[in-house]
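Accompanying notes for the structure given below.
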Amino acid sequence: MNINKEVIMKDDKVKASVGADEKLQDALVLRPDWEIKPKSIEAENSFTVSFSEKTRVLLLTVNGDYYKKIPLDDATEGKVKFHEALSHIINKFELWGIRAKN
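Here the sequence shown is numbered in the numbering used here, starting from 53 and rising by one per residue.
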């Protein structure tokens with residue numbers, strides 16, 4: 053066995069050039085994880101706060117699924133809590149708007 057690196061490299065090149073044409077198809081096949089994947093479509097997220105005076109329930113819905121359901125004693129308490137939630141949401145948007153460069 054030859055331990056000279058130059059001889060080993062030369063032998064490897066000869067072996068590679070002999071079998072290169074036969075294995076060209078195999079060399080051009082990409083593995084699935086190497087493929088460039090198209091960007092996914094951006095998802096739209098939403099949340100909804102609603103209050104029903106008839107059922108006296110305050111609902112928080114996130115992306116169409118019920119996140120939290122709060123039963124209330126009377127309609128007035130429900131209206132107050134609904135407007136408190138709305139006020140907090142508006143305040144968050146105003147705070148985030150401070151950093152906007154518009």
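No residue lacks a Cβ here, since even glycine has one placed at the ideal position from N, Cα and C.
Looking only at V114, W148 and K131, the smallest Cα-Cα distance to E105 is reached by K131.
One Cα belongs to K89, the other to T100, and the distance between them is close to 33 Å. For S104, the beta-bridge partners assigned by DSSP are V109. Within the same chain, Cβ atoms closer than 6 Å to the Cβ of I122 are found at L110, the five residues on either side in sequence being excluded. Between the alpha carbons of I93 and T128 lies a distance of about 42 Å.
Between N115 and S102, the C-beta gap is not smaller than 8 Å, which leaves the two residues out of contact.
Going by DSSP, K121 is part of the beta strand (DSSP E) stretching over D117 to P123.
For S92, no alpha helix (DSSP H) run applies, since DSSP gives it neither H nor E.
With respect to the 8 Å criterion, R108 and D126 are classified as neighbours on the basis of their beta carbons.
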